[in-house]
Amino acid sequence: MLAPRETLVVKESTSRSMRANRSKDTTLEVTFRKALWRAGIRGYRKHVRSLPGSPDLCFSSKRVAVFMHGCYWHRCPVCKKDAPLKTNVEFWRSKLEASVERDVRSRERLEALGYHVLIIWECEVRKNLESCVERVRTAVAKPQ
5 MLAPRETLVV KESTSRSMRA NRSKDTTLEV TFRKALWRAG IRGYRKHVRS
55 LPGSPDLCFS SKRVAVFMHG CYWHRCPVCK KDAPLKTNVE FWRSKLEASV
105 ERDVRSRERL EALGYHVLII WECEVRKNLE SCVERVRTAV AKPQ
C-alpha cells in the first residue's frame with residue numbers, strides 16, 4: 005500500500021515537468037487529427053466524456069473509438085519506451101500499472117457497447133503516420 009500522496013517528496017523541477025504533460029490535444033493528437041483531415045476523414049468528436057475512457061476520437065455513427073496512447077504513460081508493448089524511475093518508485097510504478105489496467109477496462113466496456121476500438125501508439129505515428137491514418141479509414145469504412 006502506498007503512503008498518502010501528501011507525504012511524497014517531489015522536486016519543484018519534477019513537479020513543473022509533470023504539470024507540463026498535457027492530457028488532451030497533445031502534439032501527437034494534433035498531428036494525427038491534421039493527417040486525418042488531409043486524408044478527408046472527418047465526422048469525429050474529440051474526447052467524448054460520455055463513453056468509457058473518453059476516447060480521443062470517436063466516430064459515433066460508425067461505432068469506432070480511437071485512443072492515442074503515449075508510449076511511456078500507457079506502456080507500449082512494442083517500443084517499451086521506459087525511463088528508469090528514480091524517486092517515489094512504488095508510487096510511479098503503481099500509477100503506470102493502473103493506467104494500463106484502466107485502458108483495458110475502457111476498451112472492454114466500449115467493445116461491450118458495440119464499438120470497434122483502435123489503439124494508435126505514439127511510436128506508430130512517428131514511424132508511419134499514413135499507416136495509422138489508413139487503419140482509421142478502414143475501420144470507419146466498414147459497414148456496421
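Quick note: the sequence shown uses my numbering, first residue 5, plus one each step. Ideal placement from N, C-alpha and C gives every residue a C-beta, glycine not left out.
- Message: Please give me, in chain order, every unbroken run of the beta strand (DSSP E) with length at least 3 that falls completely inside the segment 18-102.
- Response: Entirely contained in the segment 18-102, the beta strand (DSSP E) runs reaching 3 residues are, in chain order, 61-63 and 68-73.
- Message: When you compare the CB positions of H78 and S103, do they come within less than 8 Å of one another, or not?
- Response: Within the sequence shown, residue 78 is the residue found at index 74, counting from 1. Within the sequence shown, residue 103 is the residue found at index 99, counting from 1. Their beta carbons are under 8 Å apart, which means H78 touches S103 by this criterion.
- Is DSSP giving L114 helix, strand or coil here? Along the sequence shown, one-based indexing puts residue 114 at 110. L114 sits in a helix when the DSSP states are folded into three classes.
- Query: Does the distance from the CB of V137 to the CB of L122 come in under 8 Å?
  - Reply: The count along the sequence shown starts at 1 and reaches residue 137 at position 133. The count along the sequence shown starts at 1 and reaches residue 122 at position 118. No.
- Query: Got a sec? Which residues, its chain only, sit under 8 Å from E128 by beta carbon, not counting five neighbours each side?
  - Reply: In the sequence shown, counting from the first residue as 1, residue 128 sits at position 124. Taken in chain order, the residues that qualify are V82, S135 and C136.
- How big is the Cα-Cα spacing for V144 and T91? Taking the first residue of the sequence shown as 1, we reach residue 144 at position 140. Taking the first residue of the sequence shown as 1, we reach residue 91 at position 87. Near 43 Å, if we compare the C-alpha coordinates of T91 and V144.
- Message: Suppose the cutoff is 6 Å on Cβ atoms and the five residues either side in sequence are ignored; what does the same chain contact list for V153 look like?
- Response: The structure shown has nothing for residue 153, since the chain only spans 5 to 148.
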